[in-house]
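A short worksheet on the structure shown next.
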Amino acid sequence: MLHGYMSCKESFFYSISYFSRFYRVTAPDFPGFGASSPIPAAWSVGDYAAWLKDFISAAGMKRPHVIAHSFGARVAIKLAAAYPQLFGRMVITGGAGVLKPRTRAYRRRVAAYRLVKKFAPRLAEKKFGSAEYKKLCPLMRESYKKIVNEDLLADAGKIQIPVLLIYGAEDTVTPAAEEGLAFARAMLHCRLAVIEGGHFAFSQNHNVFNSTAAHFFAGNGDV
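Each residue of the sequence shown is one higher than the one before, counting from 1 in the numbering used here.
Shown next, in the form of structure tokens:
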């Protein structure tokens, strides 16, 4: 189970409790989050994917099924694209990694940020950026920029294993009508399901999420 950005393995409390009855469950904290050590440099999605591959090997896992949320989905997609037979089946919930078109308003904001940063770096960091970004230390901010600016649709198109996409109907962070549909169109063997809940629908609506994922892992409702 692969958690989202600025989250940790405990976010999967309900899924760990449920799936532990049927599987050996492994839920790591990514470096820089939870109980793991800080990252040594500004890591990209590819760096996190390389770390995860080493982790899977060290843990002795053979073709594990995957549940990946948000940022964790970015890492899983990257790794599954590079190593087609590494995973068994994959459930992506609230998956991120689709770059939205850059509007004029966005470009103006970026230009304003760069101008302010040139003369008042501290003010620029305080005024611009998401609430998530503002909470990060300088090193993690550089990593965050690398992560959110990488479009993973091309990687998604290389995935050969069955994938189930589960998005929350009220998710405004990674809307099903945007990220969900984009990934569904890109992936070869994929099905999209929308359930009640927001970006953390896997926890907010855990009974439906867990039963849907379990059904998929058992080979039912093939894509």
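Glycine is no exception: its CB is placed at the ideal position from the N, C-alpha and C atoms.
When the Cα of residue i is compared with those of the options, which residue comes out closest?
| i | options | result |
| --- | --- | --- |
| A81 | A201, S211, G168, G157 | G157 |
| L52 | V75, S20, K62 | V75 |
| D171 | A96, E132, S20, M187 | A96 |
| F71 | F216, S203, H199, N210 | H199 |
| G32 | H189, Y144, A59 | Y144 |
| Y5 | A154, G34, S17 | G34 |
| N210 | L188, C190, Y167 | Y167 |
| E247 | A201, S20, D47 | Only positions 1 to 223 of the chain appear in the structure, and residue 247 is not among them; the question remains open. |
| V45 | I92, V98, V148, Q85 | V148 |
What's the call for residue i, buried or exposed, on a 16-neighbour Cβ count within 10 Å?
| i | result |
| --- | --- |
| S57 | exposed |
| D54 | exposed |
| S15 | buried |
| H3 | buried |
| P38 | exposed |
| F22 | exposed |
| N205 | buried |
| G197 | buried |
| S17 | exposed |
| K100 | exposed |
| A73 | buried |
| E179 | buried |
| G219 | exposed |
| G94 | buried |
From the DSSP secondary-structure annotation, give me the bridge partner or partners of residue i.
| i | result |
| --- | --- |
| G60 | Answer is none; G60 lacks a bridge partner. |
| G168 | I195 |
| A68 | L2, I92 |
| C190 | V163 |
Can you list, in chain order, the residues of its chain with a C-beta nearer than 8 Å to that of residue i? Leave out the 5 residues immediately preceding and following it.
| i | result |
| --- | --- |
| L181 | L192 |
| L139 | P38, I39, A41, A42 |
| K146 | A42, W43, S44, V45 |
| P84 | K158, I159, Q160, I161 |
| A184 | L165, C190, R191, L192 |
My understanding is that residue i touches residue j, with C-beta atoms under 8 Å, so please give their C-beta distance in whole angstroms.
| i | j | result |
| --- | --- | --- |
| H69 | G88 | Not really, about 18 Å apart at Cβ, beyond 8 Å. |
| C190 | L153 | Their Cβ separation, rounded to whole angstroms, is 12 Å, which puts C190 and L153 out of contact at 8 Å. |
| V91 | A213 | 5 Å |
Going by beta carbon distance, what residues of the same chain come within less than 6 Å of residue i, once the five residues before and after it are set aside?
| i | result |
| --- | --- |
| A176 | Y167, V194 |
| F19 | V25 |
| F12 | M1, A27 |
| C8 | D29, F33, G34 |
| A201 | G168, I195 |
| M187 | A156, I159, V163 |
Starting from the C-beta of residue i, find all residues in its chain whose C-beta is less than 7 Å away, skip the five residues before and the five after it, and write them out in chain order.
| i | result |
| --- | --- |
| K78 | V45, G46, A49, L152, D155 |
| Y133 | R141, Y144 |
| L136 | Y144 |
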